[in-house]
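Colleague: Protein chains in written order, with this note's numbering: chain C, 842 to 1161; chain X, -8 to 250. Sharing a structure with you now.
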Amino acid sequence: MAGILVFVEQRNGVIRQASLQAISEAHRQAGGDVAAVLVGSGIGDAAAGLGAFGAAKVFVADDPNLARYSSEGYGEAVAKAVESAAPDAVFFAGTAMGRDLAPRVAAKLGVGALADVIALTKDGDQFVARRPVYSGKAFATVDSAGVKPQVISLRPNVFAAEQTGGSAEVVALDGLSLAIRAVVKELVDTGGGEIDVAEADIIVSGGRGLKGPENFALIRELANALGGAVGASRAAVDAGWIAHKHQVGQTGKVVSPSLYIAAGISGAIQHLAGMSSSKIIVAINKDPDAPIFKIADYGIVGDLFDVIPPMVEEVKKLAG
Amino acid sequence: MNCIVCVTSVPDTASVIKIGTDGKNIDETGIKWIVSPFDEYALEEALQITEAKGGEVTAVTYGPARAEAALRDCLARGAHKAVHVIGGEATLGDSFTIAKVLAKVLAGREYDCVLCGNKGVGTDCSQVGPMLGELLGIPHVANVTKLDVGDGSFTAGREVEGGLEQVESSLPALLTCQKGLNEPRYAALKGIMAAKRKPVDKIEVASLGIDEAADSFYTVRSLELPPPKSGGTIIQGEDNPAAAAAQLVKALRDEAKAI
Ligand SMILES: Cc1cc2nc3c(=O)[nH]c(=O)nc-3n(C[C@H](O)[C@H](O)[C@H](O)COP(=O)(O)OP(=O)(O)OC[C@H]3O[C@@H](n4cnc5c(N)ncnc54)[C@H](O)[C@@H]3O)c2cc1C
Ligand SMILES: Nc1ncnc2c1ncn2[C@@H]1O[C@H](COP(=O)(O)O)[C@@H](O)[C@H]1O
């Protein structure tokens, strides 16, 4: 094989959307020459389904010791699949797991890695990648200096997932030593069923303009009506109004949803850095000179406490 | 318990980024360089660990001459030792070369914990830590927001989508630190004065047997600014917020097709 091997992430046997996006992109780039590697425990059923997204072959490492993520165990499995498939490139979805595993695997293979890629082209037999740097204040076009395999992580929700209707040959990966020192004992749910900003296609963020923690309820209402996630500026996080996992910006999450609504956020350079690559940006601010309006596609100059409640009503009307 | 903290110097987060004349690097004119914000969590955690358990904190950076300022900052906040690998001008974002350099520097040193930032603000790679863990042959836990170090082992909380992974591991290990782990201290004047007298161990990168140009894993072909945005639709909503809200939602549905 000279094609692409894709690491496929599952949680409780369910394949992550970002991984389907990665397989689809691999299929667009390499046609039939795509293999996948799936790691976990009791996950055999999920493997065959990957053919429908363009994987011709699926390597499966199924072991009770792989029930939870570990960079050591999962890294060994992926390295073994790389040995078998000898791909030109290994793709990862840029999820928390993918961003953790890709560099560990790259170092194991003795190669570099390209993180957080948002577009791929080919120059000869090498992938050339576009990636945001300085949290989106600039974009770099980079390659792997001719070294193979190219290890690449793709930013979630940028590449489309498409069914191709193929079928996959399933190959078991055996004989793993699985000498795992860092063991995940438990995955504690901190989301409470909410969508994570890192994964959301719509984000509604609140800032200091909310005036207090209780008013995040208003942001949450709009986010729920839109089926989106709740984000926040650092000012709101540092005031203790909301947990830091909601922070968007240069020292928070860097996001590119299709819709980003900023309410009561001034648009400091560190906040803009984290969200300026969103497809549509909406600003709600009572200060017409707030910098956020400079990058907004739509804006309302007004008091968010007067504007958001009727917005929620309007959105609900659309749904109902 | 000895801790190594890897720190990188980055443009102040308030910097306006401009492209340099070569079209591949940023224009460094007027840039103020700071310790990457996530590395501050790494340093703070190392200081707290050694304050509780004894041992030394060694700050390590790989970078050009100006990177020494980052080490002085770490010494001022309480790091005991500092190592400056001089070089690295051409390796911005070449995570594997950086990890290899750091691995060579750490070889032969005694450490229980190696702490990195979750990401270098600017390269935005989040790769050096896990790569370094692999090269050192030790486990790593990335994106750590909670840490409890015991004798020869530790438990850590690692942030993932919608949850926190509770990880247990043996030491030595490498951790990459995320906001929420601690509140980094500032350097006191006394620390700043004392830091000026502390020695910084200097190593030329070539003496580690690494040829930055020849052993490259990452080439920047070009660097561009995002296309400027203009001409957004701004609705005046002070007098009739309900009408403004209705107009916005309609535009988002019909025009932008975003909802
Ligand atoms: C190293 C470093 C890293 C940083 N990283 C981040 C980061 O990752 N993310 C981040 O967000 N920030 C970050 N910051 C902080 C950043 O510089 C700003 O301080 C922060 O973004 C401001 O948050 P804000 O917009 O909510 O608050 P403010 O700047 O105080 O803005 C509040 C806005 O609300 C508006 N407002 C007030 N009342 C109302 C109302 N009733 N209706 C409508 N509008 C109203 C005001 O007009 C104002 O524009 C960082 C700073 C540093 C130094
Ligand atoms: N040049 C460097 N010198 C020392 N440590 C570094 C260097 N570059 C990156 N690191 C460490 O690796 C972390 C992640 O960087 P990155 O992989 O570039 O996002 C940083 O937060 C530092 O802890």
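Cβ atoms here follow ideal geometry from the backbone N, Cα and C, with glycine treated the same way.
Using CA coordinates, which residue listed in C:Ser1099, C:Gly1069, C:Ser1107 is at the minimum distance from C:Arg1075?
Modeller: C:Arg1075 has its Cα closest to that of C:Ser1107, out of C:Ser1099, C:Gly1069, C:Ser1107.
Colleague: Between the region 183 to 199 of chain X and the region 68 to 79 of chain X, do at least 3 Cβ pairs fall closer than 8 Å?
Modeller: Yes: at least three Cβ pairs fall under 8 Å.
Colleague: In whole angstroms, what separates the C-alpha of C:Ala897 from that of C:Val875?
Modeller: Straight-line Cα distance between these residues: approximately 6 Å.
Colleague: Run through DSSP, which three-state label would X:Phe208 get?
Modeller: In this structure, X:Phe208 counts as coil in the three-state DSSP scheme.
Colleague: In chain order, what residues of the same chain lie with their CB nearer than 7 Å to the CB of C:Gln858, ignoring the 5 residues before and after it?
Modeller: Excluding sequence neighbours, C:Gln858 sits near Ala1002.
Colleague: Rounded to the nearest angstrom, what separates X:Val48 and X:Asp30 at their Cα positions?
Modeller: Taking the straight line from one Cα to the other gives about 13 Å.
Colleague: Indicate the three-state DSSP secondary structure (helix, strand or coil) for C:His1112 in the structure shown.
Modeller: Correct three-state label for C:His1112: helix.
Colleague: Would you tell me roughly how many angstroms separate the C-alpha atoms of X:Val1 and X:Gly11, rounded to the nearest one?
Modeller: Using only the alpha carbons, I get a separation of about 16 Å.
Colleague: Does the region 180 to 189 of chain X come within contact of the region 62 to 72 of chain X, defined as at least 3 CB pairs closer than 8 Å?
Modeller: The region 180 to 189 of chain X vs the region 62 to 72 of chain X: in contact.
Colleague: Report all residues from its chain with a CB closer than 7 Å to the CB of X:Gly14; omit the five preceding and five following residues, and keep chain order.
Modeller: These residues qualify, in order along the chain: Ser213, Leu214.
Colleague: Would the region 1067 to 1074 of chain C count as touching the region 1034 to 1050 of chain C if we require 3 or more Cβ pairs under 8 Å?
Modeller: Contact between the region 1067 to 1074 of chain C and the region 1034 to 1050 of chain C is present, because at least three Cβ pairs lie under 8 Å.
Colleague: Ligand 2 and X:Leu93: does the residue's C-beta get closer than 7 Å to at least one heavy atom of that ligand?
Modeller: Yes, ligand 2 has a heavy atom inside 7 Å of this Cβ.
Colleague: Measure the CB-CB distance between C:Ser912 and C:Leu942 and report whether it falls below 8 Å.
Modeller: Yes, they are a contact pair.
Colleague: With ligand 2 as the reference, list in chain order each residue whose Cβ lies under 7 Å from any of its heavy atoms.
Modeller: Spelled out in chain order, the answer is X:Cys(-3), X:Val(-2), X:Thr(-1), X:Ser27, X:Phe29, X:Asp30, X:Ala33, X:Val51, X:Thr52, X:Tyr53, X:Gly54, X:Gly79, X:Gly84, X:Ser86, X:Ile89, X:Leu93, X:Cys107, X:Gly108, X:Asn109, X:Lys110, X:Gly111, X:Thr114, X:Asp115, X:Cys116, X:Ser117, X:Gln118, X:Val119, X:Gly120, X:Thr167.
Colleague: Using the beta-carbon of each residue, find all residues closer than 5 Å to any heavy atom of ligand 1 and list them in chain order.
Modeller: Residues with a Cβ closer than 5 Å to any heavy atom of ligand 1, in chain order: C:Gly1048, C:Arg1049, C:Gly1050, C:Ser1074, C:Arg1075, C:Ala1076, C:Gly1090, C:Gln1091, C:Thr1092, C:Gly1093, C:Gly1105, C:Ile1106, C:Ser1107, C:Ala1109, C:Gln1111, C:His1112, C:Asn1126, C:Lys1127, C:Asp1128, C:Ala1131, C:Asp1144, C:Leu1145, X:Thr4, X:Pro28.
Colleague: Over what stretch of residues does the beta strand (DSSP E) that includes X:Thr41 continue unbroken?
Modeller: Where X:Thr41 is concerned, there is no enclosing beta strand (DSSP E), although the alpha helix (DSSP H) it sits in stretches over 28 to 44.
Colleague: Does the region 81 to 94 of chain X come within contact of the region 114 to 130 of chain X, defined as at least 3 CB pairs closer than 8 Å?
Modeller: As far as the Cβ criterion goes, the region 81 to 94 of chain X touches the region 114 to 130 of chain X, which means the pair count is three or higher.
Colleague: Please classify X:Lys193: does DSSP put it in a helix, a strand, or coil?
Modeller: The answer is strand: DSSP assigns X:Lys193 an E or B state.
Colleague: Using the beta-carbon of each residue, which ones in chain C are nearer than 9 Å to X:Ser0?
Modeller: The premise fails here: X:Ser0 is roughly 14 Å from chain C at the closest Cβ pair, so nothing lies under 9 Å.
Colleague: What residues of chain X sit near C:Gln862, judged by a beta carbon separation below 7 Å?
Modeller: Correct list: empty, because the minimum Cβ distance to chain X is about 15 Å.
Colleague: When DSSP builds the beta bridges, which residues end up paired with X:Leu239?
Modeller: Bridge partners of X:Leu239: none, in fact.
Colleague: Tell me, which residues are paired with C:Leu1100 by DSSP?
Modeller: Paired residues: C:Ile1043, C:Ile1121.
Colleague: How is X:Pro121 classed by DSSP in three states: helix, strand or coil?
Modeller: X:Pro121: helix per DSSP, three-state reduction.
Colleague: Within 10 Å of its beta-carbon, does C:Thr962 have 16 or more other beta-carbons around it, so buried, or fewer, so exposed?
Modeller: Exposed, since its Cβ has fewer than 16 Cβ neighbours within 10 Å.
Colleague: DSSP three-state label for X:Ile225, please.
Modeller: DSSP places X:Ile225 in strand when its eight states are reduced to three.
Colleague: Between which two residues does the alpha helix (DSSP H) carrying C:Val1153 extend?
Modeller: 1145 to 1160 is the extent of the alpha helix (DSSP H) around C:Val1153.
Colleague: Examine chain C for any beta-carbon lying closer than 8 Å to the beta-carbon of X:Pro121, and answer yes or no.
Modeller: Yes, X:Pro121 lies at the interface with chain C (some Cβ there is under 8 Å from its Cβ).
Colleague: Any beta-carbon of chain C closer than 8 Å to the one on X:Lys220?
Modeller: So, interface residue.
Colleague: On the three-state DSSP scale, how would you describe C:His1087?
Modeller: Residue state, collapsed to three classes: helix.
Colleague: Under 9 Å Cβ-Cβ, which residues of chain X neighbour C:Asp1128?
Modeller: Ordered by position in chain X, no residue passes the 9 Å Cβ test against C:Asp1128, which lies about 11 Å from the chain.
Colleague: Residues of chain X with CB closer than 8 Å to the CB of C:Arg945, please, in chain order.
Modeller: Under the 8 Å cutoff, chain X gives Pro121, Met122, Gly124, Glu125, His131.
Colleague: For a quick check, are the C-beta atoms of X:Thr167 and X:Gln157 less than 8 Å apart?
Modeller: Not a contact, by the Cβ cut-off of 8 Å.
Colleague: Which whole-angstrom value describes the C-beta separation of C:Ile959 and C:Arg940, a residue pair presumed to lie in contact below a C-beta threshold of 8 Å?
Modeller: With a Cβ gap of about 14 Å, C:Ile959 and C:Arg940 do not count as contacting.
Colleague: Please compile the residues from chain X whose C-beta is within a distance smaller than 8 Å of the C-beta of C:Ile993.
Modeller: Correct list: empty, because the minimum Cβ distance to chain X is about 12 Å.
Colleague: So which residues of chain X does C:Ala1054 contact, with C-beta pairs closer than 7 Å?
Modeller: Here residue 1054 of chain C is Pro; the residue named in the question, Ala, does not match the sequence. In chain order: nothing, as chain X lies at least about 17 Å away.
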